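Okay, structure first, notes after.
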Amino acid sequence: MSFLGLDNTINDIRNSIDGINNAICGIKNAIYGINNSIYGINNALYCIVNSINTFQNAINGINNSLYCIWNAINGINGIRNAIIS
1 MSFLGLDNTI
11 NDIRNSIDGI
21 NNAICGIKNA
31 IYGINNSIYG
41 INNALYCIVN
51 SINTFQNAIN
61 GINNSLYCIW
71 NAINGINGIR
81 NAIIS
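Those letters in the sequence shown? Residues 1 to 85, by full-length UniProt numbering.
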């Protein structure tokens, strides 16, 4: 019976070691999860910045188009003035 008690103690120690190893794995996985979340947030911020840059480029494109129209109108007015005079 004393050997059975020793076997149980050894099994308890093994189970405790397994529990500690599982806890370490859980902590490691939690750290990986936090790290992945940080990468996800970082990627989201890059997307936001890229969206802002794209929007700014669109505004610049519209602005350039308006300048082209303005220059065309001025050109037409110049031709009209030349014909009139």
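Cβ atoms here follow ideal geometry from the backbone N, Cα and C, with glycine treated the same way.
Owing to the predicted nature of the structure, the values given are computational and were not obtained by experimental measurement.
CA-to-CA distance, residue j to residue i, given in whole angstroms
i, j, result
"C47", "I76", "43 Å"
"I79", "I73", "10 Å"
"A23", "N42", "28 Å"
"residue 143", "I34", "Nothing in the structure corresponds to residue 143, since the chain is present only between 1 and 85."
"N71", "I59", "18 Å"
"L45", "I17", "42 Å"
"C25", "G19", "10 Å"
Helix, strand or coil at residue i according to DSSP, with G and I counted as helix
i, result
"N16", "Sequence check: residue 16 is Ser here, not Asn. Correct three-state label for S16: helix."
"S65", "helix"
"D51", "The question names Asp, but residue 51 in the sequence shown is Ser. In this structure, S51 counts as helix in the three-state DSSP scheme."
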